[in-house]
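Just below is one structure, and these are the notes that go with it.
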Amino acid sequence: MIRLVFEHRGASVPAEAEAGARLLDVAQAAGMPLEGTCGGQLACATCHVVIAADWAGRLPPPGEAEEDMLDLVPAATRTSRLACQVRLTEALDGMVVRVT
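In terms of the working numbering, the sequence shown opens at residue 536 and continues consecutively.
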């Protein structure tokens with residue numbers, strides 16, 4: 536089981552997931568306000584999250600289409616990701632994710 540912590544509006548919300556789960560699905564199940572309007576088709580950026588800097592390097596780099604969508608996010612940072620594009624692995628156990 537992979538443990539995560541979502542940070543949103545000053546609260547830390549713990550969550551657990553199986554390897555292979557999409558970060559978006561886990562966040563929504565934990566009550567995070569991420570829409571995922573396009574259903575993970577890289578046609579929106581409503582599932583934008585910021586990965587804690589010490590965890591960002593453990594993720595595969597975003598693809599070109601994800602980078603293009605992140606360019607449209609005003610609050611994007613260098614560790615921003617679209618939650619629909621992040622699949623969880625055991626290496627991410629303990630990861631901290633900020634929901635903007």
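C-beta atoms are modelled at their ideal positions from N, C-alpha and C, and glycine is treated no differently. Predicted model, so just to flag it, every value in this text is computed and none were measured.
**Request:** List the endpoints of the continuous beta strand (DSSP E) containing Ala-618.
**Result:** As a working note, residue 618 is residue 83 in the sequence shown. Premise fails: Ala-618 is in no beta strand (DSSP E) and is neither H nor E.
**Prompt:** Under the rule that 16 or more other beta-carbon atoms within 10 Å means buried, what is Met-604, buried or exposed?
**Reply:** Translated into the one-based positions of the sequence shown, residue 604 becomes position 69. The residue is buried, with at least 16 neighbouring Cβ atoms inside 10 Å.
**Message:** At the level of alpha carbons, what is the spacing between Ala-564 and Gly-574?
**Reply:** Counted from its first residue, the sequence shown places residue 564 at position 29. Counted from its first residue, the sequence shown places residue 574 at position 39. Whole-angstrom Cα-Cα distance: 15 Å.
**Request:** Out of Ala-618, Ala-562, Glu-542, state which residue places its alpha-carbon closest to the alpha-carbon of Cys-579.
**Result:** Locating residue 579 in the sequence shown gives position 44, counting from the first residue. Among Ala-618, Ala-562, Glu-542, the Cα nearest to that of Cys-579 belongs to Ala-618.
**Asked** Any idea what DSSP makes of Leu-594, helix, strand or coil?
**Response** Stepping through the sequence shown from its first residue, residue 594 is reached at position 59. Looking at Leu-594 - three-state DSSP - the assignment turns out to be coil, as it is neither helix nor strand.
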